[in-house]
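To start, the structure itself, in structure tokens.
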Amino acid sequence: MQKTGFVYDKRYQLHDTGDYHPEVAERLEAVYKGIEEAGLLPYLTLIPAVPAKPKWIEAVHEVAYIRRFEELCLCGRRTFDFPDNQMCCETYEVASLAVGGVLKAAEMMMKGEIDNAFCAVRPPGHHAEVNQAMGFCYFNNIAICARYLQQEWGIGRIGIFDFDVHHGNGTQHIFEEDATVLYYSVHEHPSFAFPGTGRAFEKGTGTGTGYTRNYPILPGQGDDAYDKMLKEDFVPAFDEFAPEVILVSAGFDAHEDDDMSGISLSTAGFSRIMKTVVELAERHAGGRLISVLEGGYSIRRLPELARDHIAILLGKDV
Amino acid sequence: MFINNSMTRKVITIGPDADIFEAQRMMSEHNIRHLPVVEGDNKLIGIVTDRDLRSAMPLEFFKHQGDCQEVRDKIQEMRIRQIMTPDPTTITPHYTIQDALLLIQQLKVGALPVVDDEGRLTGIISVRDLLRAFINVLGIGEPGTLLCILAEERIGEMKRIVDAITEENISVGSILVARYWDENKRAVFPYLMTNNVVRIKKKLQELGFTLLNPMEWYLDQLPKNE
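So the protein lines, in turn, are chains A and B. Heads up: the first sequence begins at 47 in the numbering used here, then just goes up one per residue. Heads up: the second sequence begins at 444 in the numbering used here, then just goes up one per residue.
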């Protein structure tokens, strides 16, 4: 069995998105509940949040953007850049804790204290651009983690797999010129779903051409389309790239009971995805894998999705 | 929606006495396919396209892959004036984008020169300019989500949809309305500038609208002219 870290902290619930917002604190309670009720907590290494060092956030985001975020947040503004991005006074601090939690997990993994980890953090990150908040995201947790692993631990090639139902525009743009980070995203087709990027012909730019890969799924295509993606596109791409560490943007909003999308992926479909990713990590990265929560809004389904996700990281049968 | 705001103003032009190689060089340098031909005072007298250039090249030129000096000399003597389309159809800056779309479709051309009342060239509008304008109109360059709604063909239905969106405080990138196979219905496609569509979807369903499965719908529902 693997030593799996679990980043979880009550303070992640302090980010208040106001009325009628799908990205709510209850999501994390649902994640915790699923893992607790399955009796998996004793197997996990609990990792509490720590604030991120500013230099790591600055490794991805512009300083002016970070200051703007902090200022608007502290002076009581309720939205940031887009009306979607609802926030409260604590949001800046919580966003910094989200980055810090992910980096802590990465550090423990590199020190050999854990093999892999799931970071149940809020707010999510993959839509956040270098200088703009977007789609409920403020700091790009996964992108910052990739830069941290490269700059602090000398990791060369990092493979990011993003299975959130929405395209991770922020992560793509941050690494699109970078051949050392393979960004692979599978998501609902951008003609139907937010944010309208991630078309199959977006493949990176300059020296990074070929190191951005997008696999749009048409509405309603569900498990079969994802199985095809894994077998025919994703696995060959990661086998060829042979990442030294795999990072996962884990969004559970492609689920058939999630109102945020029309993809209709089943719980078992999510498990097949995750098993494939874990196998790839074992094959190329010595098992090193950090999974970070992005979207996923079905409070009813999140417990089972988180339970299976964690169980697969632990190497248990699902 | 006027041409004035969508056309390319810095037009790359050529004189009637230039040679074909010069035109070819200009097109490839600027990555364009149309060169308006102008005389003194920017007066438009013709247009030359990349296809005109290719048609003017003798077969021997392609056979020798451009290496044969004798053939090159012969081509060098040809003037743009001889191969251009003289007096092309033009439009003025006050034409609308809709005018240009219909005219381009009718004439089967790739671009229209834009001239002032004295016939002086002031711009050019190409299919590419129109595409850019429509990407802008559709709002798809900005982050958002497309809804697919089936509505009765009845006065006031659109208002109900827009009211519901307004009540949810969502701004609209664009709304497309298209015919549906059922004559009494319309398919409505609002592009909403948000990721948070859960409540608006529910609200529309409560108002009695059907959310279409986008996979069962196609843009061109009408019988085609084969």
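In this text, a Cβ means the ideal position worked out from N, Cα and C, and glycines have one as well. No experiment lies behind these values; they were computed from the predicted model shown.
- Within the region 264 to 293 of chain A, the residues whose Cβ lies closer than 7 Å to some Cβ of chain B are Leu264, Pro265 and Gly266, listed in chain order.
- With at least 16 other beta carbons inside 10 angstroms of its own, Phe209 (chain A) counts as buried.
- Annotated three-state conformation of Glu649 (chain B) is helix, per DSSP.
- If only complete runs of 3 or more residues are kept, the region 195 to 237 of chain A shows the beta strand (DSSP E) at 204 to 208 and 227 to 234, in order along the chain.
- DSSP, reduced to helix, strand and coil, places Asp303 (chain A) outside both helices and strands of the structure shown, so it counts as coil.
- Beta bridge pairing from DSSP links Ser295 (chain A) with A:Asp208 and A:Val338.
- If you check each beta-carbon in the region 172 to 184 of chain A against every beta-carbon of chain B, the ones closer than 9 Å belong to His173, Met180, Gly181 and Phe182.
- Cβ neighbours of Pro236 (chain A) within its own chain (closer than 8 Å, five residues either side excluded): His213, Gly242, Thr243, Gly244, Arg245 and Pro262.
- For Gln132 (chain A), there is no enclosing alpha helix (DSSP H); the enclosing beta strand (DSSP E) covers residues Phe128 to Gln132.
- Ranked by Cα distance from Leu339 (chain A), the first of A:Gly64, A:Arg193, A:Ala163 and A:Phe128 is A:Ala163.
- Using a CB distance cut-off of 8 Å, Gly562 (chain B) does not count as an interface residue toward chain A.
- At a Cβ-Cβ threshold of 8 Å, Ala189 (chain A) and Phe221 (chain A) count as neighbours.
- Look at Phe298 (chain A): its C-beta is not under 8 Å from any C-beta on chain B.
- When secondary structure is reduced to three states using DSSP, Leu118 (chain A) falls in the helix class.
- Within the region 241 to 299 of chain A, the runs of alpha helix (DSSP H) at least 4 residues long that lie entirely inside it are, in chain order, 268 to 275 and 281 to 287.
- With 16 or more other CB atoms across the displayed protein chains lying within 10 angstroms of its CB, Pro170 (chain A) is buried.
- For Thr609 (chain B), no beta strand (DSSP E) encloses it; the enclosing alpha helix (DSSP H) starts and ends at Glu600 to Glu610.
- One finds Ser237 and Phe238 in chain A with Cβ atoms closer than 7 Å to the Cβ of Leu589 (chain B), taken in chain order.
- Within the same chain, Cβ atoms closer than 8 Å to the Cβ of Gly553 (chain B) are found at Arg476, His477, Thr492, Ile547, Ser569 and Val570, the five residues on either side in sequence being excluded.
- Taking C-beta atoms as the reference points, Gly297 (chain A) and Val211 (chain A) count as a pair closer than 8 Å.
- Spanning the alpha carbons of Phe464 (chain B) and Ile567 (chain B) requires a straight line of approximately 22 Å.
- Contact check for Gly308 (chain A) and Phe238 (chain A): beta-carbon distance about 7 Å, within the 8 Å limit, so the pair qualifies.
- For Asn612 (chain B), the nearest CB of chain A lies under 8 Å from its own CB, placing it at the interface with that chain.
- For Val324 (chain A), the enclosing alpha helix (DSSP H) stretches over residues Thr313 to His330.
- His355 (chain A) carries a helical assignment under DSSP once its states are collapsed to helix, strand and coil.
- When beta bridges are read from the DSSP output, Gln467 (chain B) appears opposite no residue.
- Residues of the region 298 to 331 of chain A with a C-beta less than 8 Å from any C-beta of chain B: Asp305, Met306 and Gly308, listed in chain order.
- Distance from the Cα of Thr539 (chain B) is smallest, within the candidate group B:Met444, B:Leu654 and B:Leu650, for B:Met444.
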